[in-house]
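Working notes, beginning with the structure itself.
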């Protein structure tokens, strides 16, 4: 079985400050990990993914995420937040051995960036 | 690339009416997923297809819901009869099962309101 936890329903940060959105996962094997962003009245947009290799993954819009196998975490980060980053963020996991190609999504974290 | 295309974007109907939502996946993708998103329940996987074949429909809430994928470029999600509690945003997503990590690409969603 695979699962994802996003422990914070909402994260508030001031514009220009660094941001972190937390994600922890559970899989029986090795994971593929993903972050998606959803702006109001839009579909989920793919931000970045971890497959293998470098634990720091860079993605769209200046976001990056750090894979930590010992802590089973994949936190999303950005050095300097923008008001336009305000959105709903979803973490997702897929067990590499999952031939069915199903992703399991977390419950989402709302990011609010204030001017 | 046109992305995943869903129609209609908005649908308002009365209880008891039949609703049909449509999806065109990204060309070349061989997995297709239907999700439902509500404030109360978050993002729920309803059903997914591999190579046009339904693999897991355990998320379909009731027999009132049915989904088909007659060919690789088209899928429908039908609700008959519709009820107010079916009001939600329905997303279609597609991926390539055997290429990359299997990240999903989402459409913009169909917002359903059942009165």
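Protein chains in written order, with my numbering: chain A, 1 to 115; chain B, 1001 to 1115.
All residues carry an ideal CB built from backbone N, CA and C; glycine is no exception.
For clarity, every value in this text was computed on a predicted model and none was experimentally measured.
Starting from the beta carbon of residue i, find every residue of chain A whose beta carbon is closer than 7 angstroms, and list them in chain order.
| i | result |
| --- | --- |
| residue 1048/B | 102 |
| residue 1042/B | 107 and 108 |
| residue 1109/B | 43 |
Strictly below 9 angstroms CB to CB, what residues from chain B border residue i?
| i | result |
| --- | --- |
| residue 46/A | 1103, 1104, 1105 and 1106 |
Going by alpha carbons, who is nearest to residue i out of the options?
| i | options | result |
| --- | --- | --- |
| residue 1033/B | 1015/B, 1040/B, 1057/B and 1041/B | 1057/B |
| residue 109/A | 67/A, 12/A, 80/A and 55/A | 12/A |
| residue 73/A | 59/A, 106/A, 18/A and 44/A | 106/A |
| residue 41/A | 1091/B, 1075/B and 1003/B | 1091/B |
| residue 39/A | 113/A, 4/A, 85/A and 16/A | 85/A |
| residue 1076/B | 1039/B, 1012/B and 1024/B | 1024/B |
| residue 1112/B | 1085/B, 1096/B and 1100/B | 1085/B |
| residue 1039/B | 1102/B, 1087/B and 1114/B | 1087/B |
| residue 1072/B | 1061/B, 1037/B, 1050/B and 1012/B | 1050/B |
| residue 70/A | 83/A, 26/A and 9/A | 26/A |
| residue 63/A | 51/A, 34/A and 43/A | 34/A |
| residue 83/A | 7/A, 18/A, 94/A and 113/A | 113/A |
| residue 94/A | 78/A, 29/A and 87/A | 29/A |
Roughly how many whole angstroms lie between the Cα atoms of residue i and residue j?
| i | j | result |
| --- | --- | --- |
| residue 1070/B | residue 1052/B | 7 angstroms |
| residue 1064/B | residue 1094/B | 24 angstroms |
| residue 14/A | residue 53/A | 32 angstroms |
| residue 115/A | residue 80/A | 12 angstroms |
| residue 1061/B | residue 1047/B | 10 angstroms |
| residue 2/A | residue 91/A | 13 angstroms |
| residue 1089/B | residue 1019/B | 13 angstroms |
| residue 1068/B | residue 16/A | 47 angstroms |
| residue 1114/B | residue 55/A | 46 angstroms |
| residue 1011/B | residue 1107/B | 16 angstroms |
| residue 1054/B | residue 66/A | 35 angstroms |
| residue 43/A | residue 78/A | 22 angstroms |
Quick test of your reading: residue i and residue j, contact by CB under 8 angstroms. State the CB separation rounded to the nearest angstrom.
| i | j | result |
| --- | --- | --- |
| residue 60/A | residue 76/A | Their Cβ separation, rounded to whole angstroms, is 11 angstroms, which puts residue 60/A and residue 76/A out of contact at 8 angstroms. |
| residue 1028/B | residue 1105/B | Not a contact, Cβ separation roughly 11 angstroms. |
| residue 1110/B | residue 1043/B | That belief does not hold up - the Cβ atoms of residue 1110/B and residue 1043/B are roughly 14 angstroms apart, past 8 angstroms. |
| residue 49/A | residue 1103/B | 6 angstroms |
| residue 1017/B | residue 1081/B | 7 angstroms |
| residue 45/A | residue 37/A | 5 angstroms |
| residue 24/A | residue 5/A | 5 angstroms |
List the residues of chain B that residue i touches, going by C-beta distances under 7 angstroms, in chain order.
| i | result |
| --- | --- |
| residue 49/A | 1101 and 1103 |
task = Could you run through the stretch 1045-1069 of chain B and flag, in chain order, every residue whose CB is less than 9 angstroms away from some CB of chain A?
result = 1045, 1048, 1050, 1055 and 1056
request  = For the stretch 63-91 of chain A, enumerate the residues whose C-beta is nearer than 8 angstroms to any C-beta of chain B, in chain order.
outcome  = 90
key: Under 9 angstroms (Cβ pairs) to chain A, residues found in the stretch 1069-1085 of chain B   = none
inquiry  = Any C-beta of chain B within less than 9 angstroms: which residues of the stretch 28-41 of chain A qualify?
reply    = 32, 33, 34, 36, 38 and 41
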